[in-house]
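One line per chain: the protein sequences are A and B, in this order.
End of the first sequence sits at 347 in our numbering; the numbers just go up one at a time, nothing left out.
End of the second sequence sits at 149 in our numbering; the numbers just go up one at a time, nothing left out.
Here the structure comes first, spelled out in structure tokens, and everything after it is commentary.
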Amino acid sequence: QQQVKQSPQSLIVQKGGISIINCAYENTAFDYFPWYQQFPGKGPALLIAIRPDVSEKKEGRFTISFNKSAKQFSLHIMDSQPGDSATYFCAASMIEGTYKYIFGTGTRLKVLA
Amino acid sequence: NAGVTQTPKFQVLKTGQSMTLQCAQDMNHNSMYWYRQDPGMGLRLIYYSASEGTTDKGEVPNGYNVSRLNKREFSLRLESAAPSQTSVYFCASSDTAGPYNEQFFGPGTRLTVL
Numbered sequence: 235q236q237q238v239k240q241s242p243q244s245l246i247v248q249k250g251g252i253s254i255i256n257c258a259y260e261n262t263a264f265d266y267f268p269w270y271q272q273f274p275g276k277g278p279a280l281l282i283a284i285r286p287d288v289s290e291k292k293e294g295r296f297t298i299s300f301n302k303s304a305k306q307f308s309l310h311i312m313d314s315q316p317g318d319s320a321t322y323f324c325a326a327s328m329i330e331g332t333y334k335y336i337f338g339t340g341t342r343l344k345v346l347a
Numbered sequence: 036n037a038g039v040t041q042t043p044k045f046q047v048l049k050t051g052q053s054m055t056l057q058c059a060q061d062m063n064h065n066s067m068y069w070y071r072q073d074p075g076m077g078l079r080l081i082y083y084s085a086s087e088g089t090t091d092k093g094e095v096p097n098g099y100n101v102s103r104l105n106k107r108e109f110s111l112r113l114e115s116a117a118p119s120q121t122s123v124y125f126c127a128s129s130d131t132a133g134p135y136n137e138q139f140f141g142p143g144t145r146l147t148v149l
């Protein structure tokens, strides 16, 4: 119930291509879904987040697509760049309460120049 | 603003030794968290403090203790280190007053237990 399943574990994309990372959850009480980006040797940092009252959120080249009925959400990186090479974590949380995140297991993205 | 700071950056311990990981934030956040990051496991919550004076267990609390020293500082203690506690430890903080509880992470402590 508390798990967030993330796939794929690793992803290699050519420069200019589209990177897609998927996550699925079980607990319907989750109502906040952030994506965090982590560069080697650094702590994760918030990239983009969505609440389930919208089906899509776009910030620059990064888009979250959300499917409430399927309990799935995904991150799309358009025009992927070598600087996007990092590990990406999806997460889920409940706004009401203790604000704990349940993180996915991470996706290591490598964008080839 | 320094954000979230952690000390030390690296540490090597022998099995059975104890140590305390320090974390401080200067963003006046109410909530603080300790995570561990292991390959293929993502980030797992060890303990959290929703507000000053309170602490609660996360997913993997066994072998750890925490202290919320004041609003700024949240420490994690390993009383008797075990090789299974070899990991990268991250501290994070968040302002629970806002609608989006973005967590701000420190740079991490890489701990090796021999």
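From the three backbone atoms N, C-alpha and C, an ideal C-beta is built for every residue, glycine too.
- Counting only Cβ-Cβ distances below 7 Å, residue 76 (chain B) has contacts in chain A at 339, in chain order.
- Using a Cβ distance threshold of 8 Å, residue 146 (chain B) and residue 80 (chain B) do not count as a contacting pair.
- Not a single CB atom of chain B sits nearer than 8 Å to the CB of residue 344 (chain A).
- Take the alpha-carbon of residue 309 (chain A) and the one of residue 72 (chain B): they are about 21 Å apart.
- Approximately 12 Å separates the beta-carbon atoms of residue 99 (chain B) and residue 83 (chain B); this is outside 8 Å, ruling out the contact.
- For residue 244 (chain A), no CB of chain B lies under 8 Å from its own CB, so it is not counted at the interface with that chain.
- In terms of Cα proximity to residue 303 (chain A), the closest of A:243, A:261, A:241 is A:261.
- In this structure residue 319 (chain A) touches residue 345 (chain A) by the C-beta definition: roughly 5 Å separates them, less than 8 Å.
- At a cut-off of 8 Å, the C-beta of residue 125 (chain B) has a neighbouring C-beta in chain A.
- Contacts with chain A at 8 Å (Cβ-Cβ) do not include residue 108 (chain B).
- The alpha-carbon of residue 271 (chain A) is positioned some 6 Å away from that of residue 323 (chain A).
- Contact check for residue 338 (chain A) against residue 77 (chain B) passes: the beta carbons are separated by less than 8 Å.
- According to DSSP, residue 343 (chain A) shares a beta bridge with A:245, A:320.
- The continuous beta strand (DSSP E) containing residue 109 (chain B) extends over residues 109 to 113.
- Taking a cut-off of 8 Å for Cβ pairs, the stretch 110 to 117 of chain B and the stretch 40 to 56 of chain B touch, as three or more such pairs fall below it.
- For the stretch 245 to 310 of chain A, the continuous beta strand (DSSP E) assignments of 3+ residues that do not extend past its boundaries occur at 253 to 259, 267 to 272, 279 to 284, 290 to 293, 296 to 301, in sequence order.
- For residue 40 (chain B), the closest C-alpha among the options A:264, A:277, A:238 is that of A:277.
- Taking 8 Å as the upper bound on Cβ-Cβ separation, chain B lies near no residue of the stretch 294 to 316 of chain A.
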